[in-house]
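*Asks:* Structure below; questions to follow.
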Amino acid sequence: MAATEQEILDGLANIVNEETGVDVADVQMDKSFTDDLDIDSLSMMTIVVNAEEAFGVRIPDDEVKNLTTVGDAVKFIQGAQG
Numbered sequence: 001m002a003a004t005e006q007e008i009l010d011g012l013a014n015i016v017n018e019e020t021g022v023d024v025a026d027v028q029m030d031k032s033f034t035d036d037l038d039i040d041s042l043s044m045m046t047i048v049v050n051a052e053e054a055f056g057v058r059i060p061d062d063e064v065k066n067l068t069t070v071g072d073a074v075k076f077i078q079g080a081q082g
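In UniProt numbering, the protein residues as written are 1 to 82.
Right, dumping it as structure tokens:
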């Protein structure tokens, strides 16, 4: 069963928090991973792997560069589930 946008956002916020220590409340749809949340490329790859596992989706390496905001990632994951 596909997760809702809010469920994906909450799950992604927990993954980001576990990997980087960024407060869960700071992980919002309009936030940029690099500019707002200060996530480096190595942490981003770990977040992607953990998100793939958590949500049962595949995020191709060439797609990761297009996921610049939290909202981009949430929408990609939601679309990949359906």
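Ideal Cβ placement from N, Cα and C applies to all residues, glycine included.
According to DSSP, is Thr-68 part of a helix, a strand, or is it coil?
*Replies:* Thr-68 falls in the coil class under three-state DSSP.
*Asks:* Between the alpha carbons of Glu-5 and Pro-60, how many angstroms are there, rounded?
*Replies:* If you take the alpha carbons of Glu-5 and Pro-60, they lie about 20 Å apart.
*Asks:* Quickly, what does DSSP pair Ser-43 with across the bridge? List them, please.
*Replies:* Ser-43 pairs with nothing; no bridge assigned.
*Asks:* If you count every other CB in all the chains shown that lies within 10 Å of the CB of Val-74, and 16 or more means buried, which is it?
*Replies:* The residue is buried, with at least 16 neighbouring Cβ atoms inside 10 Å.
*Asks:* For my contact list, Thr-68 and Asp-30 are in at a C-beta cut-off of 8 Å; report their separation, rounded to the angstrom.
*Replies:* Their Cβ separation, rounded to whole angstroms, is 11 Å, which puts Thr-68 and Asp-30 out of contact at 8 Å.
*Asks:* Leaving out the 5 sequence neighbours to the left and right, which residues in its chain are closer than 7 Å to Met-45 when beta-carbon positions are compared?
*Replies:* Same-chain partners within the cutoff: there are none.
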